[in-house]
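Heads up: the sequence lines are chains A and B, in that order.
The first sequence begins at 200 in the numbering used here and counts up by one.
The second sequence begins at 200 in the numbering used here and counts up by one.
Think of the CB as a built atom: it goes at the ideal place given N, C-alpha and C, for glycine as much as any other residue.
Below is one structure, written out as structure tokens; comments come after it.
Number of protein chains: 2
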Amino acid sequence: MNKKIAVILGDGIGPEVTQQSIKVLDAVAKQYGHEFHYTECLMGADAIDKTGNPLPDETIEVCLNSDAILFGAIGHPKYDNDPNAKVRPEQGLLKLRKSLQLFANIRPVITYPSLQHLSPLKAKQLEEVDFIIFRELTGGIYFGKKETNEEKTYAFDECSYSREEIERVAHLAFQYAQKRRKKLTLVDKANVLETSRLWRKVIQELAPQYSDVAVDFLFVDNAAMQIIVNPKQFDVVLTENMFGDIISDEASVISGSLGLLPSASVGNGSALFEPIHGSYPQAAGKDIANPLGSILSAAMLLDHFGLNKEAQVVREGVEWTINNKFVTKDIDPVNFYFTSTIGDLIADFVSNKI
Amino acid sequence: MNKKIAVILGDGIGPEVTQQSIKVLDAVAKQYGHEFHYTECLMGADAIDKTGNPLPDETIEVCLNSDAILFGAIGHPKYDNDPNAKVRPEQGLLKLRKSLQLFANIRPVITYPSLQHLSPLKAKQLEEVDFIIFRELTGGIYFGKKETNEEKTYAFDECSYSREEIERVAHLAFQYAQKRRKKLTLVDKANVLETSRLWRKVIQELAPQYSDVAVDFLFVDNAAMQIIVNPKQFDVVLTENMFGDIISDEASVISGSLGLLPSASVGNGSALFEPIHGSYPQAAGKDIANPLGSILSAAMLLDHFGLNKEAQVVREGVEWTINNKFVTKDIDPVNFYFTSTIGDLIADFVSNKI
Ligand SMILES: [Mg+2]
Ligand SMILES: [Mg+2]
């Protein structure tokens, strides 16, 4: 297989974790006879420093012409602390999502037995947790009409959804469910909201096309409880933009470390793969950041290419490092390994050297 | 003190748990020289069975003429399972909230060391957790304009807030914070929503009137994480209707038992006190339901009357039963005590007989 990958290293720890993913992808290419062509491009504070623009046109072009985008992280405190800054690193990512029409954000939630001590939840709650959240990313109240009156006595936000917006992310979620444990849970608030009732109606109408998938429905307030009380009940969770923002962040903490969580944002054409952690500038350049979020994002990228066997081997490599206590400082502040060492180990695992 | 209390026993376990609260309130009255006059009235399935109406006018009238309302629970499966039912028990409560303009829902979240084994969270997370959530209850997206087009291809919900709606619940929350640990956290999504920016603006403007209260702001997705990771950071949490629905339900499970959580819904005139658990019809009439949610709601009712010392004694009675393992079947399925026994014990504690 021959694929073009746009690489956006970004800011803070972005470059060093993404380099580990490239190491691992190179090992995959060599071991399984693929060719991955990388094109580095700029976004975020790095791009502002070099070009004045958080998302240069060239980056958009490279991304549009690539089969996938591997992205690190963006953000720098010098912009966060300046309320008058006219350009901000985050604008780059928002604009890129829009340019590529990335309508679905996908976040797997997995727990590892050897990391249970880091989770706020008890071990009993964590066993067998393995689910994936599909969040609609370009519609809903975040992008609706919104206004505050001049006297600042009244404000409104509109949440709207079209059938088409719901269908495209729903098809994706159903397809994933078919490849997994064949269960899809729609999280909504259909007892109160018209948009939720439309979501429910569309899902019910699509369900017969995926007759091997069991569909159920959960109100978002109940979902917020169930994610803590009984997270293993979930397989594929599908929800609208704002509910997805809330429950995917809630779910992210149950694994015990944000450092090892990957994500994908998928559109009709391209797809972007990134760890959920931020640029964490305090750790930048120290070779101490956790590269697993990025490496597991690279595994999702391989899945996106249909290279499921290769993705699985990468995931096994990640598990092997965790189970053998080859972990970074965020996981074990005493006996820790460097970012680059973890990358080497997983590349070696893929190359059958371990 | 001489007070009129409307009593709505309701459905399922509602009557038996509420009877324990009345026992305790009677003990308080006797011990501290108050007079509480109870007027029983109908709501829910019970009211439908007896009058055909889930909220008879007489109930509204009694409630409007009372200083507070003590309420059990409503709901019966015979209505849940009938999609054609024209009257439903829940309509009674929604109409009562509206009639009394109960604009603030107040939910304390407390953990008890001896119940830590029931929580999905680790003991470390549970220590010193003691916060209270103020949820705006009559505005926002739940009550906004909402519509689906005829072709069912498009739907919208409008979320709106006026300055006045925000101010009245904010004043309440600030006043509670002053009597507590003097910290107020506004949960919003001000990086995205106009209504959230109005909430933030109003809170910032009110803050100087409560200069002893430290105010901070948290995005709702972050709040959903913090409630699990570090719940003891919170004192008073204030938020709009939908965010409040989600995070108060999420927070409710950390104590380990829904059976012991109280709530209050406060308006300009009256106030309603009820356990957060439902009517739980399977347990009705068996004397096994947990009365602590109701008894702690009665303690909130005493606070509402300004009887803080009395409320405190009731809470100490509750703690005494828990710490001495006088608990109902939901807490200890093997060595359990009856609903009525717990009520007797707490009444005896208040009467200094224990
Ligand atoms: Mg978020
Ligand atoms: Mg709720």
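Per DSSP, the beta-bridge partners of His-236 (chain B) are B:Lys-203.
Taking 6 Å as the cut-off, the C-beta of Asp-387 (chain B) does not count as close to any heavy atom of ligand 1. Neighbours of Gln-324 (chain B) in chain A, taken as residues at a C-beta separation under 9 Å, are given in chain order as Pro-319, Leu-320. The beta carbon of Glu-449 (chain A) sits closer than 7 Å to some beta carbon of chain B.
In the three-state scheme derived from DSSP, where H, G and I count as helix and E and B as strand, Ala-284 (chain B) is classed as coil. Residues of chain B whose Cβ lies closer than 8 Å to the Cβ of Arg-362 (chain A) are, in chain order, Lys-351, Thr-352, Tyr-353. The criterion of a C-beta distance shorter than 7 Å is not satisfied by Pro-461 (chain A) and Gly-505 (chain A).
Apart from the 5 residues on each side of it in sequence, Arg-367 (chain B) sits with its Cβ closer than 8 Å to the Cβ of Phe-302, Ala-303, Asn-467 in its chain, given in chain order. Non-local beta-carbon contacts of Ile-309 (chain A) in its own chain, meaning distances under 6 Å to residues more than five positions away in sequence, involve Asp-329 in chain order. Counting only Cβ-Cβ distances below 8 Å, Ala-423 (chain A) has contacts in chain B at Ala-423, Ile-445, Ile-446, Asp-448, Glu-449, in chain order. When DSSP states are grouped into helix, strand and coil, Val-412 (chain B) belongs to the coil group. By the C-beta criterion, the stretch 466–484 of chain B is judged to be in contact with the stretch 493–502 of chain B, since at least 3 inter-stretch pairs fall below 8 Å. Against chain B, a Cβ distance below 7 Å from Tyr-278 (chain A) picks out nothing, because the smallest value is about 14 Å. For the set A:Ala-322, A:Ile-530, A:Gln-511, the Cα lying nearest the Cα of His-316 (chain B) is the one of A:Ala-322.
Ranked by how close their Cα comes to the Cα of Leu-457 (chain A), the residues A:Leu-269, A:Leu-314, A:Lys-294 have A:Leu-314 in first place.
For Glu-357 (chain A), a Cβ of chain B is located within less than 7 Å of the residue's own Cβ. By the CB criterion at 7 Å, Ile-453 (chain B) and Ser-361 (chain B) fall outside the cutoff. Around the beta carbon of Ser-220 (chain B), a 10 Å sphere encloses 16 or more other beta carbons of the protein chains shown; the residue is thus reported as buried. Between ligand 2 and the CB of Asp-279 (chain A), the shortest heavy atom gap is not smaller than 6 Å.
Here Thr-384 (chain A) is actually not in contact with Leu-405 (chain A); their C-beta atoms are around 14 Å apart, not less than 8 Å.
Look at Phe-373 (chain B) here: in three-state DSSP terms it is helix.
Bridge partners of Asn-304 (chain A) according to DSSP: A:Arg-334, A:Ser-464.
Between the beta-carbon of Ile-427 (chain B) and that of Leu-320 (chain B) there is about 7 Å, and that keeps the pair under the 8 Å contact cut. At least one C-beta of chain B is nearer than 7 Å to the C-beta of Glu-393 (chain A).
Closest by C-alpha distance to Gly-542 (chain A), out of A:Gln-324, A:Val-533, A:Leu-263, A:Val-517, is A:Val-517.
At the C-beta level, Tyr-341 (chain B) and Val-223 (chain A) stay beyond 7 Å of one another. Any heavy atom of ligand 2 counts here; residues with a Cβ closer than 5 Å to one of them, in chain order, are A:Asp-420, B:Asp-444, B:Asp-448. When secondary structure is reduced to three states using DSSP, Glu-404 (chain A) falls in the helix class. For Val-465 (chain A), the CB contacts under 6 Å within the same chain, skipping 5 residues up- and downstream, are Ala-303 in chain order. In chain order, Thr-347, Lys-351, Tyr-353, Ala-354 make up the part of chain A whose C-beta sits under 8 Å from the C-beta of Leu-397 (chain B).
Taking C-beta atoms as the reference points, Tyr-479 (chain A) and Gly-211 (chain A) count as a pair closer than 7 Å. Following the DSSP letters along the chain, one finds Tyr-353 (chain B) in no alpha helix (DSSP H) but inside the beta strand (DSSP E) bounded by residues 353–361. For Lys-249 (chain B), there are no neighbours in chain A by C-beta distance under 7 Å, as the nearest C-beta there is about 26 Å away. Across the set A:Val-286, A:Glu-349, A:Glu-239, A:Ala-267, the C-alpha of A:Val-286 shows the shortest separation from the C-alpha of Pro-253 (chain A). Here Gly-209 (chain B) is bridged, per DSSP, to B:Ala-272.
Chain A places no beta carbon closer than 7 Å to that of Val-261 (chain B), leaving this residue out of the contacts.
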